[in-house]
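Participant:
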Amino acid sequence: MNLSSTSPPPTIASSSALTAIPGWDGLIKSDFWFRDGNIVLLAGNAAFKVHRGQLERQSEVFRDLFSIPQPPDQEMIEGCAWIELHDRPADVFHFLSAIYDGLYFRPPGRSSDFAILSAVLRLSTKYLVESLRTRCLARLELDWPTTLSGWDARENAALDAASGRYLPREVCAHPILLMELALELSIPHLLPSAFYDLSRYGPSKIMAGTTLNALALDVAASSDPAEASKGRSVVLSKEMLVRTFKGREASQRCVSDFVARELENRSPSTDCSNCPRHSTSNPHTDDAQSHASRPNVCLESFYFIMLNILRSVGGIACGRDADPLFTLVQATEMLTRTDFSDGQRQMGLRICSSCKADFKKSVAKAREDVWRGLPAWFGLDGEVGGWGEATCGVPLAHTAPSPP
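Residue numbering for the sequence shown follows this note's numbering, beginning at 91 and increasing consecutively.
#1: Assign R351 to one of three DSSP states: helix, strand, or coil.
#2: Can you tell me which residues form a DSSP beta bridge with L132?
#3: Tell whether a beta-carbon distance below 7 Å holds between S363 and C442.
#4: In this structure, what does DSSP give as the bridge partners for I118?
#5: Okay, do the stretch 249-269 and the stretch 322-336 touch, 3+ Cβ pairs below 8 Å being the bar?
#6: From this set, L186, L418, K320, which residue's C-alpha is nearest D459's C-alpha?
#7: Helix, strand or coil for S323 per DSSP?
#8: Pick from L175, A205, G254, L213: whose alpha carbon is nearest that of I189?
#9: So, at 7 Å on beta carbons, what are the nonlocal neighbours of S444 in its own chain, with the 5 sequence-adjacent residues on each side left out?
#10: For L275, which residues in the same chain have their Cβ closer than 6 Å to its Cβ, ignoring the five residues on either side in sequence?
#11: Go through its chain and collect everything with a Cβ distance to G478's Cβ below 8 Å, but skip five positions before and after it.
#12: Pull up the distance between the alpha-carbon of G127 and that of A311, whole angstroms please.
#13: What are the residues that DSSP puts in a beta bridge with W123?
#14: When the Cα atoms are used, what is the spatial distance from D413 to V210?
#15: By DSSP, does H374 sit in helix, in strand, or in coil?
#16: Within 10 angstroms of its Cβ, does T426 collect 16 or more other Cβ (buried), or is it exposed?
#17: Would the beta-carbon of S208 be found less than 6 Å away from any heavy atom of the ligand MN?
#18: Considering just the uninterrupted stretch of the beta strand (DSSP E) at L207, what are its terminal residues?
#19: Pick from L218, N135, S202: whose alpha carbon is nearest that of E146?
#20: Hey, A248 and P258: beta-carbon distance below 7 Å or not?
#21: Are the Cβ atoms of S283 and R338 separated by less than 7 Å?
#22: With H, G and I counted as helix, E and B as strand and the rest as coil, what does DSSP make of S369?
#23: At what residues does the beta strand (DSSP E) containing L302 begin and finish?
#24: Less than 7 Å between C-beta atoms, sequence neighbours within five positions excluded: which residues of the same chain meet that for F152?
#25: Taking the alpha-carbon positions, what's the H184 to I206 distance?
#26: Determine the extent of the alpha helix (DSSP H) in which G495 is found, giving its start and end residues.
#27: Assign M330 to buried or exposed, taking buried as 16 or more other Cβ atoms, counted over all protein chains shown, within 10 Å of its Cβ.
#28: For I277, does the three-state DSSP call read helix, strand or coil?
#29: Apart from the five residues just before and just after P159, which ones in its own chain have a Cβ nearer than 7 Å to its Cβ?
#30: Is I167 helix, strand or coil by DSSP?
#31: Enumerate in chain order the residues of its own chain whose CB-to-CB distance from W241 is below 6 Å, with the five nearest sequence positions on each side excluded.
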């Protein structure tokens with residue numbers, strides 16, 4: 091399934107480009123106004139003149155809806171019957187765009203796609219358009235994955251190639267927006283990665299939430315455009331805040347536990363080349379004693395790694411003090427870095443290959459343990475099934491949608 095295209099997604103016209111419908115006070119024509127259309131959908135004060143057959147082909151809900159006889163005295167809009175939908179005008183626009191023009195995303199994904207994704211997912215769920223719903227879920231899972239490999243790919247995509255800066259909000263929407271959508275549509279398998287993403291913020295930013303900007307069509311089709319133009323503040327409920335902070339505490343404990351278990355007083359590998367060895371071919375038995383009297387450079391290097399991790403956890407190094415997946419990646423990257431200084435020159439850590447291999451295995455296992463533990467960290471262990479497995483959405487629940 092191709093989830094991206096170089097073709098640009100459709101855009102909503104500005105309010106100045108929308109025209110009023112004569113004889114209908116306040117109603118405006120949307121960009122979806124086909125001269126040969128045979129049904130008008132109303133959402134707020136926005137009107138969409140479209141084709142019954144196109145909607146019936148995609149949605150059994152619309153098929154049933156259009157089969158309901160309309161009042162014989164219903165006033166027509168430019169010769170067409172009309173049906174009122176209790177959906178946001180911009181959501182209807184993006185939903186119709188997906189049906190008529192296809193669903194396009196900007197590769198490798200930009201946070202601005204979220205307005206389109208959420209709109210199409212919301213209405214494809216409500217009107218039982220499974221093909222669109224599945225594509226939206228598959229696209230959202232690239233930003234909010236269920237696997238560790240998916241998370242690593244997402245984090246790499248958030249690194250600016252030119253500057254090396256980490257810019258997650260350029261690629262992914264604010265996690266609170268995703269959490270609101272997942273709760274609204276009962277998509278729990280997207281929540282653990284969103285909770286984890288949010289928990290990496292400082293407490294004050296977590297509590298402040300975010301702002302969802304108004305869309306042009308929603309403003310133009312509102313009975314109170316001035317009020318509709320204001321952005322909507324989105325904050326977490328008390329329960330969700332508690333879950334987020336508990337998970338944040340768990341992530342910080344995770345790193346300290348790793349330091350205590352894998353770095354503090356770490357023993358060298360059994361095949362460590364920097365450890366003394368007695369050899370029958372070496373007549374000078376005191377060579378091994380001399381070697382043993384010198385500090386083991388592998389253990390010294392692990393102590394150096396431990397100090398750097400503690401600096402990271404304290405937020406001194408990069409501000410990501412509650413991101414154990416990132417901290418553990420940093421730990422393995424230190425094994426190959428050559429930009430450390432001994433006061434005179436730059437150099438790398440002098441760890442033998444056996445100790446490096448053992449430490450990489452320890453880090454890889456720790457990261458897998460972190461990922462598997464995310465649902466429990468945020469109180470979701472009873473709500474998320476198959477966590478850690480590659481999924482592509484969940485089956486559409488064939489429940490009756492809210493009446494239009």
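Glycine residues also receive a C-beta, built at the ideal position from the N, C-alpha and C atoms.
Facilitator: Let me lay it out:
#1: Within the sequence shown, numbered from 1, the residue matching residue 351 stands at position 261. For R351, the three-state secondary structure derived from DSSP is helix.
#2: Indexing the sequence shown from 1 puts residue 132 at position 42. In the DSSP assignment, L132 forms a beta bridge with A137, E174.
#3: Taking the sequence shown and counting its residues from 1, the one referred to as residue 363 is at position 273. Taking the sequence shown and counting its residues from 1, the one referred to as residue 442 is at position 352. Taking a C-beta distance under 7 Å as the contact criterion, S363 and C442 qualify as a contact pair.
#4: Numbered from its first residue, the sequence shown carries residue 118 at position 28. Per DSSP, A110, A136.
#5: Put simply, the stretch 249-269 touches the stretch 322-336. At least three CB pairs are less than 8 Å apart.
#6: The residue given as residue 459 occupies position 369 in the sequence shown. The closest CA to that of D459, considering only L186, L418, K320, is found on L418.
#7: Here residue 323 refers to the residue found at position 233 of the sequence shown. DSSP places S323 within a strand segment (E or B) once states are collapsed to three.
#8: Indexing the sequence shown from 1 puts residue 189 at position 99. Relative to the Cα of I189, the nearest Cα in the group L175, A205, G254, L213 belongs to L213.
#9: Residue mapping note: residue 444 aligns to position 354 of the sequence shown, counting from 1. Answer for S444: S359, D361, C362, S363, listed in chain order.
#10: Against the sequence shown, residue 275 aligns to sequence position 185. The answer, listed in chain order, is T215.
#11: If you number the sequence shown from 1, residue 478 lands on position 388. Taken in chain order, the residues that qualify are T236, T237, L238, W461, R462.
#12: Counting from one through the sequence shown, the residue named residue 127 turns up at place 37. Counting from one through the sequence shown, the residue named residue 311 turns up at place 221. Taking the straight line from one Cα to the other gives about 21 Å.
#13: Residue mapping note: residue 123 aligns to position 33 of the sequence shown, counting from 1. The partner list for W123 (beta bridge, DSSP) reads K139.
#14: In the sequence shown, the residue the question calls residue 413 occupies position 323. In the sequence shown, the residue the question calls residue 210 occupies position 120. Taking the straight line from one Cα to the other gives about 32 Å.
#15: Translated into positions along the sequence shown, residue 374 becomes position 284. Because H374 carries a pLDDT of 47, less than 50, the predicted location of this residue cannot be relied on, and no value is offered for it.
#16: Counting from one through the sequence shown, the residue named residue 426 turns up at place 336. Counting Cβ neighbours within 10 Å, T426 comes out exposed, since fewer than 16 surround it.
#17: Looking at this structure, you won't find the ligand MN or any other ligand, since it has none at all.
#18: As a first step, residue 207 must be located in the sequence shown, where it is residue number 117. No beta strand (DSSP E) contains L207, which is instead part of the alpha helix (DSSP H) from 203-216.
#19: Position 56 of the sequence shown holds residue 146. Taking E146 as reference, the option from L218, N135, S202 with the minimal CA-CA separation is L218.
#20: By 1-based counting over the sequence shown, the position of residue 248 is 158. By 1-based counting over the sequence shown, the position of residue 258 is 168. Taking 7 Å as the Cβ cut-off, A248 and P258 qualify as a contacting pair.
#21: Position 193 of the sequence shown, counted from the first residue, corresponds to residue 283. Position 248 of the sequence shown, counted from the first residue, corresponds to residue 338. For S283 and R338, no; Cβs fall outside 7 Å.
#22: For the purposes of this step, residue 369 is taken as residue 279 along the sequence shown, with counting starting at 1. The predicted model places S369 with a pLDDT of 45, which falls under 50 and marks its position as unreliable; any figure quoted below should be read in that light. Look at S369 here: in three-state DSSP terms it is coil, with no helix or strand label.
#23: Numbered from its first residue, the sequence shown carries residue 302 at position 212. It spans 300-302 - the beta strand (DSSP E) in which L302 sits, taken as one unbroken run.
#24: Here residue 152 is taken as the residue at index 62 of the sequence shown, counted from 1. Cβ within range, chain order: L145, E146, Y217.
#25: In the sequence shown, the residue the question calls residue 184 occupies position 94. In the sequence shown, the residue the question calls residue 206 occupies position 116. If you draw a straight line from the Cα of H184 to the Cα of I206, it comes to about 6 Å.
#26: Because the chain here runs from 91 to 494, residue 495 falls outside it and cannot be looked at.
#27: For the purposes of this step, residue 330 is identified with residue 240 of the sequence shown, where counting begins at 1. It is buried - the Cβ of M330 has at least 16 other Cβ atoms within 10 Å.
#28: Taking the sequence shown and counting its residues from 1, the one referred to as residue 277 is at position 187. It is coil, neither helix nor strand.
#29: As a working note, residue 159 is residue 69 in the sequence shown. Excluding sequence neighbours, P159 sits near nothing in its chain.
#30: Taking the first residue of the sequence shown as position 1, residue 167 is located at position 77. Three-state result, I167: strand.
#31: Translated into positions along the sequence shown, residue 241 becomes position 151. Same-chain partners within the cutoff: P235.
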